[in-house]
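Novice: Quick one: the structure is below, questions incoming.
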Amino acid sequence: MGRRVIHAQDIMEITGKGRTYAYDLLRKIKEFFKKLPHQVVTFEDYAEYHGVSLASLQGYMSK
């Protein structure tokens, strides 16, 4: 089992977009799931938010 927490760098690699986009997306996902500032965004949150399977993110989770 790999990491559970997704970081901006992961989003940059997955989407091919820049740092600003990645941090904005993390903020939007936190707002969507009503997370508090100290709570983290997981790969599960990311997958659900984008409507993709968690399996499609497996390669990024093992880094």
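Add 235 to the 1-based position in the sequence shown for our numbering, that's all there is to it.
Beta carbons: idealized from backbone N, C-alpha and C, even for Gly.
Being a predicted model, the structure only gives us computed values, none of them experimental.
Let me check one thing: in DSSP terms, what residues is Val240 bridge-paired to?
Specialist: Thr277
Novice: Just mark Ala290 as buried or exposed, buried being the case when its beta carbon has 16 or more other beta carbons within 10 Å.
Specialist: exposed
Novice: Using beta-carbon positions only, say whether Val240 and Phe278 come within less than 9 Å of one another.
Specialist: It is a contact, given that the beta carbons lie within the stated cut-off.
Novice: Could you tell me if Leu261 is buried or exposed, where buried requires 16 or more neighbouring beta carbons within 10 angstroms of its beta carbon?
Specialist: buried
Novice: Which class does Gly232 belong to by DSSP, given the choice of helix, strand or coil?
Specialist: As displayed, the chain neither begins before 236 nor continues past 298, which places residue 232 out of reach and without an answer.
Novice: Between which two residues does the alpha helix (DSSP H) carrying Lys269 extend?
Specialist: Taken as a continuous stretch (DSSP letters only), Lys269 belongs to no alpha helix (DSSP H), as it is neither H nor E.
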